[in-house]
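For the sequence shown, position 281 matches number 281 in the UniProt record's numbering, and the numbering has no gaps at all.
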Amino acid sequence: MQKIISAIVADIGKILLGKEHQVKLALACLLSRGHLLIEDLPGMGKTTLAHALARVLGLSYNRVQFTSDMLPADILGVSIFERDSGQFRFHEGPVFCQLLLADEINRSSPKTQSALLEAMEERQVSVDGETRPLPEPFFVIATQNPLHQSGTFALPESQLDRFLMRISLGYPTREAERALFQGVDPRAQLRQLKPRIDIAALRKMQAMVAQVKASESLLDYLERLVQHTRQSPECSVGLSPRGALALLHAARAWALIHGRGHLLPEDIQAVLPSVAGHRLQSEGGDGTRLVERLMRQVDIIAA
């Protein structure tokens, strides 16, 4: 299993140069059955990462470019009257796939953004009074541009909380960018990617995540982190029970990716910024800086 995971990370790393940590975080998010939000400037490789994950994991893939005039039916689907049969027939929208890329999700209206809520939480959609299940597995990878850019709508807290992780790719290093200049077009490399696993193997890996052991002392450390976010005057909103569980699931996936069957404090610390940063709130904005202080203020071993 470790060889397969290493091969998946290596394949994506040939296209997204110098971003091994972010690739592992994205993979941990999907292995935890979570959804991923990638926030960064245009042109940083957000779409490339999503498409590469779909290809190496053998998932059916659809990409939706969100715009200000998009309607929920453009994502979920619509019933159309067919004259020959005299009946309405439902035409599935792009959400009916295993990995949906919601590109620039914050360029659409809140009404359209919320159309994904049921799909992300319940793995189903309700249209015209009928509930339709989505394919299994089902993941959403959404990208968004920084809110200071024109034409963006901030995601509400309820929608942000549906994303298990939020990550940022950032600029490449000088070495990675030089290799990009001298190498093959990443889009051409992307078309050559082959699946490393099938759906059955992916489900097996997801099941293995749940089997990663967490000791009592490790859970004590997790509890202290969560309680600190709820009691600290720096946090106007602390981690919810769903956020705490998301942290545990993501840490287990991170441990599995690194070949361990048990959790270490370092596993929690590795995923904490991505899991908690968009859930914590303070008067100064989101919780990115709060997470950094949180890891310094909470001891691994109780005093």
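Note that the Cβ used here is the ideal one computed from N, Cα and C, for glycine as well.
Among 253, 213, 161, 219, which residue has its Cα nearest to the Cα of residue 237? Position 237 of the sequence shown, counting from 1, holds the residue named residue 237. The candidate whose alpha carbon is nearest that of residue 237 is 161.
Strictly by DSSP, which residues pair up with residue 36? Walking along the sequence shown from the start, residue 36 turns up at place 36. For residue 36, which the question treats as bridged, DSSP gives the partners 141, 165.
May I have the straight-line CA-CA distance separating residue 143 from residue 35, to the nearest angstrom? The residue given as residue 143 occupies position 143 in the sequence shown. The residue given as residue 35 occupies position 35 in the sequence shown. If I take the Cα positions, the gap works out to 11 Å.
Note down the Cα distance separating residue 95 from residue 220, rounded to an integer number of angstroms. The sequence position of residue 95 within the sequence shown is 95, counting from 1. The sequence position of residue 220 within the sequence shown is 220, counting from 1. Going from the Cα of residue 95 to the Cα of residue 220 covers about 39 Å.
Selected residue, minimal CA-CA separation from residue 155, among 76, 78, 38, 181: Here residue 155 corresponds to residue number 155 of the sequence shown, with the count starting at 1. If we check each option's Cα against that of residue 155, 38 comes out closest.
Give me, in chain order, the residues of the same chain whose beta-carbon lies closer than 6 Å to that of residue 243; leave out the 5 immediate sequence neighbours on both sides. Against the sequence shown, residue 243 aligns to sequence position 243. Correct list, in chain order: 279.
Can you tell me which of the three DSSP states residue 77 falls into? Sequence index remark: in the sequence shown, residue 77 carries index 77 (1-based). Here residue 77 sits in strand by DSSP.
Return the chain-ordered list of same chain residues with a C-beta closer than 6 Å to the C-beta of residue 30, the five sequence neighbours on each side being excluded. Along the sequence shown, read from residue 1 onward, the residue named residue 30 stands at position 30. 139.
Assign residue 120 to one of two classes, buried (16 or more other C-beta atoms within 10 Å of its C-beta) or exposed (fewer than that). The count along the sequence shown starts at 1 and reaches residue 120 at position 120. Residue 120 should be labelled buried.
Closest to residue 106 by CA distance: which of 78, 40, 272, 131 is it? Residue numbering aside, residue 106 sits at position 106 when the sequence shown is read from its first letter. Ranking the options by Cα distance to residue 106, first place goes to 40.
Assuming contact is defined by CB atoms lying nearer than 9 Å, are residue 263 and residue 212 in contact in what I supplied? Here residue 263 is taken as the residue at index 263 of the sequence shown, counted from 1. Here residue 212 is taken as the residue at index 212 of the sequence shown, counted from 1. Yes, the Cβ-Cβ distance between residue 263 and residue 212 is below 9 Å.
With a threshold of 16 other CB atoms inside 10 Å of the CB of residue 46, please say whether the residue is buried or exposed. The residue you call residue 46 lines up with position 46 of the sequence shown. Burial call: buried.
What first and last residue would you give for the alpha helix (DSSP H) that runs through residue 52? Residue 52 sits at position 52 when you count from the first residue of the sequence shown. Its alpha helix (DSSP H) spans residues 46 to 56.
Does the Cβ of residue 66 have 16 or more other Cβ atoms within 10 Å, making it buried, or fewer, making it exposed? Position 66 of the sequence shown, counted from the start, is the residue given in the question as residue 66. Classification of residue 66: buried, given that the 10 Å Cβ count is 16 or more.
Enclosing beta strand (DSSP E) for residue 89 [first to last residue]: On the sequence shown, position 89 is the one that residue 89 refers to. Looking at the DSSP string, the run of the beta strand (DSSP E) that includes residue 89 is 87 to 92.
Rounded to the nearest angstrom, what separates residue 57 and residue 202 at their Cα positions? On the sequence shown, residue 57 is found 57 positions in, with the first residue counted as 1. On the sequence shown, residue 202 is found 202 positions in, with the first residue counted as 1. Their Cα atoms are separated by approximately 7 Å.
Measuring only the C-alpha atoms, how far is residue 112 from residue 71? Numbered from 1 along the sequence shown, position 112 holds the residue referred to as residue 112. Numbered from 1 along the sequence shown, position 71 holds the residue referred to as residue 71. Whole-angstrom Cα-Cα distance: 6 Å.
My assumption, with CB atoms under 8 Å, is that residue 249 sits in contact with residue 32. Please give the rounded CB distance. The count along the sequence shown starts at 1 and reaches residue 249 at position 249. The count along the sequence shown starts at 1 and reaches residue 32 at position 32. With 8 Å as the limit, residue 249 and residue 32 qualify as a contact, their Cβ atoms being about 4 Å apart.
For the structure I just gave you, are there three or more beta carbon pairs, one from the segment 173 to 187 and one from the segment 13 to 28, closer than 8 Å? The segment 173 to 187 is in contact with the segment 13 to 28.
With DSSP run on the structure shown, which of helix, strand or coil describes residue 228? Along the sequence shown, one-based indexing puts residue 228 at 228. Helix, per DSSP.
Cutoff 8 Å; reference residue 24; Cβ partners in own chain excluding five residues on either side: Mapped onto the sequence shown, residue 24 falls at position 24. Result list for residue 24: 9, 254, 257, in chain order.
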